[in-house]
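A short write-up of the structure that comes next.
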Amino acid sequence: MLAIKTVKYYVKPAVFLLCLMPLLLIIGDLFEITGTLGANPIENMQDRFGIWGLRFIVAVLMISPLRSITGFTWITQFRRMIGLYAFFYVLMHFLVWLLLEQSILMSAIIEDIATRPFITIGFIALLILLALASTSTMNIRKKMGNSWVRLHSSIYLASILGVWHFWWQVKKDITEPLIYAIIISILLLYRLRKKYTYT
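Mapped onto our numbering, the consecutive letters of the sequence shown carry residue numbers 242 to 440.
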């Protein structure tokens with residue numbers, strides 16, 4: 242087992258910086274330092290933020306199974322950090338759409354929502370993640386008691402909505418959203434199996 246000090250002073254900062262890398266790469270591409278954002282930079286940023294948000298959601302869901310399979314209990318210390326990063330990247334995905342693509346024009350927003358219903362699905366997922374992020378501290382967890390566990394189980398619903406949003410958005414090649422759908426399905430089945438095994 243890793244020493245508590247090792248995790249706190251070395252592993253956690255390393256994981257934090259690793260989670261920050263997608264943002265740094267996008268910023269680097271924006272200023273053409275690490276690459277470019279292509280012919281449609283707004284769409285490129287929006288897609289990359291969204292995909293990374295979904296990846297971090299999947300990473301959160303994988304922590305409990307990995308702990309059970311490997312016995313590495315210390316990895317649970319990263320759940321909150323990774324979960325907050327998931328919320329951050331999904332929020333950035335939304336803000337790029339709202340501020341850069343729609344320019345906060347209500348008429349454009351309403352028209353886009355009406356013609357692309359997957360936006361509503363994604364917004365619901367964002368609201369769930371907002372609720373989870375705002376109740377992620379230990380003090381709030383203690384105050385909420387068992388209701389905290391029920392609320393934070395909705396991360397599975399957010400993951401399903403995220404994949405649905407992604408799948409619906411893709412026009413031709415559904416390979417990537419299909420991969421996420423399979424992974425999340427396996428993780429959900431693992432959770433259900435574990436839940437009903439011990440009840």
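Backbone N, C-alpha and C fix where the C-beta goes; we use that ideal spot for every residue, glycine too.
Please name the residue, chosen from the options, that lies closest to residue i on a Cα-to-Cα basis.
| i | options | result |
| --- | --- | --- |
| S305 | L295, W293, F319 | F319 |
| A241 | V256, G324, L266, W293 | Because residue 241 is not part of the residues shown, which for the chain are 242 to 440, the question remains open. |
| Y421 | M303, L271, Y251, E273 | M303 |
| I316 | V252, W405, F297, I415 | V252 |
| S395 | G312, T438, I283, A366 | A366 |
| M286 | V331, T311, D414, I354 | V331 |
| K436 | S309, L295, L265, S344 | S309 |
| T378 | T277, H393, F364 | H393 |
| L428 | E284, I268, G269, L307 | L307 |
Evaluate residue i with the Cβ neighbour count: other Cβ atoms within 10 Å of its Cβ, from every protein chain shown; 16 or more gives buried, anything less gives exposed.
| i | result |
| --- | --- |
| F335 | buried |
| S400 | buried |
| N301 | It is worth fixing the name first, because residue 301 is Val in this sequence and not Asn. The residue is buried, with at least 16 neighbouring Cβ atoms inside 10 Å. |
| V337 | buried |
| L402 | buried |
| L261 | exposed |
| G504 | Outside the shown range of the chain, which is 242 to 440, sits residue 504, and nothing can be said about it. |
| P418 | buried |
| F328 | buried |
| R289 | buried |
| P358 | exposed |
| F272 | exposed |
| P254 | exposed |
| M347 | exposed |
With DSSP as the reference, label residue i as helix, strand or coil.
| i | result |
| --- | --- |
| K384 | helix |
| L278 | coil |
| V411 | coil |
| G324 | helix |
| S441 | Limits of the chain in this structure are 242 at one end and 440 at the other, which puts residue 441 out of reach. |
| S395 | coil |
| F313 | coil |
What ranges does the alpha helix (DSSP H) occupy inside the segment 331-370, keeping only unbroken runs of at least 4 residues that lie completely in it? Entirely contained in the segment 331-370, the alpha helix (DSSP H) runs reaching 4 residues are, in chain order, 347-356.
Just to confirm the assignment: which complete beta strand (DSSP E) runs, minimum length 3, are found wholly within the segment 252-299? Those beta strand (DSSP E) runs which fall completely within the segment 252-299 and span 3+ residues do not exist here.
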